[in-house]
Amino acid sequence: MSLVLLLAAALPQGPAPAPPAPIRTALLTGANNHDWKWTTPEIANTLGETGRFAVTTVDDPATWLAARGADDMQLLVLDYNGPRWGEAAERAFAAAVRAGTGVTVVHAANNAFAGWLDYERIVGLCWREGSGHGAYHPFDVHVVDHHHPVTAGMADLRLHPDELYHRLVPTPGADHRVLLAAFSDPKTGGSGRHEPMALAGTFGAGRVFHTTLGHVWTGVPATRATWIDPQLRRLVARGSEWAATGEVTLSPVPLNALAEEERLEGFQSLFDGRSLRSWRGYRSEAPPANGWVVRDAAIVHVRGGGGGDLVTVDEFDDFDLRFAFRVAAGANSGVMWHVLETADQTYMTGPEYQVLDDLGARPDPRHGVGALYDLVPAVGKTVRPAGEWNDGRIVVHGGRVQHWLNGACVLDVPCRGPEWEAMVQRSKFRDWPFGRAGRGRIALQDHGDEVAFRNLRIRPL
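Numbering (my numbering), first residue to last: 18 to 478.
Structure, rendered in structure tokens:
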């Protein structure tokens with residue numbers, strides 16, 4: 018290893034800026050003509066999985082609002098369509114929004130409270146006499162305002178499965194603009210015109226994000242596809258962040274979904290956000306029964322859960338692998354590549370991108386986060402601390418390997434040939450069949466600690 022690399026790796030490497038505090042959010046629910054008992058936890062997960070929201074679910078908004086108000090909340094999310102709340106609760110709700118508390122209106126919440134003028138002005142477009150919808154079906158939702166913070170950089174929603182509301186009634190005096198729209202096709206019972214699917218507005222100092230999407234019928238599990246769609250989840254999360262703060266920091270790309278340019282470049286997803294179908298246990302035919310779970314749109318290894326390493330069902334030779342990872346305090350893990358199942362452990366054949374609580378451990382540079390473990394340190398890196406998401410990338414192409422961390426290339430070295438063999442001979446891997454394969458599986462390491470992975474996608478080169 019060169020003196021330059023050692024010196025660069027030893028330089029102090031400060032953490033990335035601290036993230037903002039979670040947005041204090043109350044999810045108002047408890048009655049609806051739709052399946053609120055299923056949608057409410059899904060909406061809470063939609064917000065929670067981003068790391069930007071601290072969600073309190075309120076099943077009795079009338080009592081909760083009347084007793085305490087909502088002035089200490091930054092965001093009120095409406096998944097409610099039921100009886101009126103009463104004067105005290107309604108006054109507290111309107112006062113909080115007028116004073117600056119944000120609001121997110123979801124689907125049938127725009128059906129509620131006919132005659133309560135402040136609520137109708139907050140919602141902007143309401144389901145009233147003459148409104149309707151066609152059959153539940155997949156349809157495209159188009160961004161019509163690319164300049165608003167919610168939709169800036171967003172792609173259209175493609176084949177989103179939902180109910181398409183039509184002929185909603187605008188409230189006189191409401192201040193709203195349309196962000197997304199969809200064609201309501203007469204062939205599916207629609208209106209024959211483009212209908213608004215998301216709005217942004219204001220009420221006093223409060224910002225309002227309203228989406229007419231989000232339908233799930235009670236007793237019809239197939240309609241749960243609405244909220245399984247990562248496109249809707251990302252739209253609602255971005256709209257809610259804007260309503261609460263006036264800004265949007267969340268990526269416009271949905272979690273665990275390919276960006277349009279990635280799809281065109283030939284990337285394929287290794288994780289759908291809900292299952293381990295692209296993964297199995299090392300030297301096994303199925304995912305481990307213990308240790309690994311899918312939680313908050315991530316593949317999570319539970320501390321002390323066992324299970325062993327995960328490997329991809331498919332094998333890869335040259336590739337561009339991109340992923341996000343989050344470690345608990347003191348945690349250690351790794352991503353191996355070109356793993357063969359001929360040895361007892363994944364690390365005996367597969368080189369490793371080190372995943373670690375770098376700022377807590379202060380390791381040997383060759384064992385630090387982003388390093389080619391025990392071979393080459395990562396240099397010039399910016400590290401986000403334990404509990405926050407970091408972006409990783411491994412590119413293996415033409416006999417070289419690159420490691421990237423949070424957008425920066427932190428190493429670029431040979432992975433075959435004399436220089437590679439010399440590095441291996443100086444490492445702990447010298448006596449194993451390590452790094453000799455030109456093709457193999459990707460592995461996620463069970464090192465006994467809590468670690469999470471998401472946004473896993475790969476492009477064969």
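Note that beta-carbon positions come from the ideal geometry of N, C-alpha and C, so glycine has one too.
Would you kindly work out how many angstroms separate the C-alpha atoms of residue i and residue j, rounded to a whole number?
i      : j      : result
His414 : Thr63  : 36 angstroms
Val270 : Met365 : 36 angstroms
Leu267 : Glu258 : 8 angstroms
Leu176 : Val158 : 8 angstroms
Leu181 : Ala125 : 11 angstroms
Arg297 : Ala303 : 5 angstroms
Asn407 : Val328 : 21 angstroms
Ala25  : Ala239 : Since pLDDT at Ala25 reaches only 43, below the 50 mark, its modelled position is unreliable, and the value read off the structure follows with that caveat. Each residue's alpha carbon lies about 55 angstroms from the other.
Ala314 : Arg291 : 6 angstroms
Pro37  : Arg343 : 17 angstroms
Leu134 : Gly99  : 16 angstroms
Glu169 : Arg251 : In the sequence as presented, Glu is not what sits at residue 169; that position holds Ala. About 13 angstroms.
His163 : Ala360 : 52 angstroms
Thr42  : Thr219 : 18 angstroms
Thr399 : Ala48  : 47 angstroms
Asp331 : Gly321 : 27 angstroms
Arg453 : Leu281 : 32 angstroms
Val21  : Gly308 : Summary for Val21: the model assigns pLDDT 40, below 50, so the residue's position carries little reliability; its value from the coordinates is reported in the next sentence. Each residue's Cα considered, the two are about 40 angstroms apart.
Leu373 : His355 : 21 angstroms
Pro29  : Asp381 : Low per-residue confidence applies at Pro29: pLDDT is 40, beneath 50, and the placement is therefore not dependable enough to give any value.
Asn50  : Ala131 : 15 angstroms
Phe70  : Arg447 : 47 angstroms
By a C-beta neighbour count over all protein chains shown, 10 Å radius and 16 as the cutoff for buried, is residue i buried or exposed?
i      : result
Gly455 : exposed
Ser295 : buried
Gly404 : exposed
Gln442 : exposed
Lys54  : exposed
Ile60  : buried
Leu316 : Sequence check: residue 316 is Ile here, not Leu. Counting Cβ neighbours within 10 Å, Ile316 comes out buried, since at least 16 surround it.
Glu212 : buried
Thr67  : buried
Arg14  : This structure cannot speak to residue 14, because the chain is shown only from 18 to 478.
Leu478 : exposed
Arg401 : buried
Asp179 : buried
Ile40  : buried
Asn127 : buried
Name the DSSP beta bridge partners of residue i, please?
i      : result
Pro100 : Per DSSP, none; premise fails for Pro100.
Leu422 : Gly409 and Ala425
Asn349 : Leu373
Tyr182 : His150
Pro431 : Arg417
Ala198 : His159 and Pro213
Ala16  : Residue 16 lies beyond the range of the chain shown here (18 to 478); nothing can be said about it.
Arg343 : Ala469
Trp296 : Thr329
Gln285 : Ile475
Below 9 angstroms between beta carbons: does that hold for residue i and residue j?
i      : j      : result
Arg241 : Val167 : no
Ile139 : Val123 : no
Phe156 : Ala215 : no
Asp375 : Gly387 : yes
Gly119 : Leu93  : yes
Pro187 : Leu142 : yes
Arg194 : Ser148 : no
Leu44  : Thr74  : yes
His165 : Ala217 : yes
Val237 : Ala260 : no
Gly377 : Ala346 : yes
Leu428 : Ala460 : no
Val161 : Ala172 : no
Asn349 : Arg471 : no
Thr56  : Val253 : no
Val418 : His318 : no
Val393 : Arg379 : no
Asp88  : Ala112 : yes
Within 8 angstroms: the Cβ of residue i and any heavy atom of the ligand ZN?
i      : result
Val393 : Absence of the ligand ZN from the depicted structure is noted, as is the absence of any ligand whatsoever, leaving it without description.
Whose C-alpha, out of the options, is nearest the C-alpha of residue i?
i      : options                           : result
Gly323 : Asp463, Gly103 and Ala84          : Asp463
Thr363 : Arg300, Asn423, Glu332 and Arg471 : Arg300
Phe288 : Tyr97, Leu473 and Ile459          : Leu473
Pro431 : Ile60, Met440, Arg410 and Arg320  : Met440
Arg108 : Arg251, Gly206, Ala79 and Asn49   : Ala79
Asp11  : Glu146, Asn273, Glu369 and Gly351 : Residue 11 lies beyond the stretch modelled for the chain, which goes from 18 to 478, so this question has no answer here.
Asp77  : Leu281, Pro435, Arg69 and Gly86   : Gly86
Gly206 : Ala469, Tyr153 and Pro402         : Tyr153
Ser201 : Leu389, Glu278 and Thr229         : Thr229
Phe336 : Gly457, His318 and Val372         : Gly457
Gly325 : Asp334, Val310, Arg339 and Phe333 : Val310
Asp391 : Arg379, Gln371 and Gly397         : Gln371
Gln91  : Thr262, Asp334 and Pro435         : Thr262
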